[in-house]
Each structure stands twice: as C-alpha cells, then as structure tokens.
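Step one of this worksheet: look at the structure below.
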Amino acid sequence: MQATEEWIKELIVKGDMHSFYASSAWTALAARVREQQHNECQRCKNRGYYVPCDVVHHKQYVKKRPDMALDEGNLECLCRECHEEEHKRKRPMLNEEKW
7 MQATEEWIKE LIVKGDMHSF YASSAWTALA ARVREQQHNE CQRCKNRGYY VPCDVVHHKQ
67 YVKKRPDMAL DEGNLECLCR ECHEEEHKRK RPMLNEEKW
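Residue numbers for the sequence shown follow my numbering, beginning at 7 and rising by one.
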C-alpha cells in the first residue's frame with residue numbers, strides 16, 4: 007500500500023490525476039462501492055429521495071489525503087448535483103436565450 011500512496015503523491019505533483027482515476031485499482035474499488043451503496047446518491051437517500059449515483063466521491067480529498075485514496079470508508083456515491091455542491095461549483099442558470 008505504501009508504494010500505491012507514493013505513486014499517488016507523484017501523480018499529484020505531476021498534475022496527472024487522470025492516471026489514478028483510470029487505474030484498475032480505482033475502477034474496481036469504485037465499482038464495488040457503487041454496488042455496496044446500491045448505485046444511489048447517499049446524500050439524496052438520506053433526504054428520502056432515490057437518485058442514481060453519478061460519481062464515487064472521496065470524502066477526504068485525494069490531494070489532501072493520498073493515504074485514503076483507496077480506503078472504502080472514505081468513499082460515497084453522489085449524484086452530479088450533490089457532487090457539484092460538495093465542490094462549490096455552480097451550474098450556469100438557463101434563461102429564455104439558452105436551451
């Protein structure tokens with residue numbers, strides 16, 4: 007596991023997180039988490055709604071905690087809207103001029 011953490015730290019320095027998210031270790035873990043969490047957004051589920059999972063999210067961000075990048079307990083399924091809200095990103099509002 008130490009080698010994996012060092013590899014992730016190198017990717018962070020290089021600005022190449024794509025390699026981590028494309029790795030077999032991540033894709034297998036993300037698939038397992040989706041299955042365990044029934045492919046549901048956990049935050050919407052806690053509010054009583056069923057919304058499919060779009061993203062397996064790191065509660066402790068990889069760049070801050072590379073040691074937790076592959077820790078199942080650090081992951082949660084989120085819908086796109088909850089993930090955008092988590093990262094404080096806002097979607098542009100549509101008006102009559104945009105569709």
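Virtual Cβ for every residue (Gly too), placed ideally from N, Cα, C.
Pairwise C-alpha distance: LEU84 and CYS47: Residue numbering aside, residue 47 sits at position 41 when the sequence shown is read from its first letter. Residue numbering aside, residue 84 sits at position 78 when the sequence shown is read from its first letter. Each residue's Cα considered, the two are about 4 Å apart.
In DSSP terms, what GLU82 is bridged to: The count along the sequence shown starts at 1 and reaches residue 82 at position 76. Answer is HIS63.
Which same chain residues, not among the five before or five after ALA34, have their C-beta less than 7 Å away from its C-beta? Indexing the sequence shown from 1 puts residue 34 at position 28. No residues qualify anywhere along the chain.
Which stretch, first to last residue, makes up the alpha helix (DSSP H) that contains VAL19? In the sequence shown, counting from the first residue as 1, residue 19 sits at position 13. Note, VAL19: alpha helix (DSSP H), 8-20.
Skipping 5 residues on each side, what residues in its chain have a beta carbon closer than 6 Å to that of MET74? Reading the sequence shown from its first residue, position 68 is the one you call residue 74. Answer for MET74: GLN66, ASN80, listed in chain order.
Which stretch, first to last residue, makes up the alpha helix (DSSP H) that contains HIS24? In the sequence shown, counting from the first residue as 1, residue 24 sits at position 18. Unbroken alpha helix (DSSP H) run through HIS24: 23-27.
Is the Cβ-Cβ distance between VAL61 and ILE14 less than 8 Å? For this step, residue 61 is matched to residue 55 along the sequence shown. For this step, residue 14 is matched to residue 8 along the sequence shown. It is not a contact, given that the beta carbons lie outside the stated cut-off.
Within the same chain, show all residues whose beta-carbon is closer than 6 Å to that of GLN43, passing over the 5 residues directly before and after it, in chain order. Within the sequence shown, the letter at position 37 stands for residue 43. Result list for GLN43: CYS83, in chain order.
Below 8 Å CB to CB, which residues in the same chain sit around ASN8 once its five sequence neighbours on both sides are set aside? Counted from its first residue, the sequence shown places residue 8 at position 2. Looking at the sequence itself, residue 8 is Gln, so the reference to Asn does not match. Around GLN8: no qualifying Cβ.
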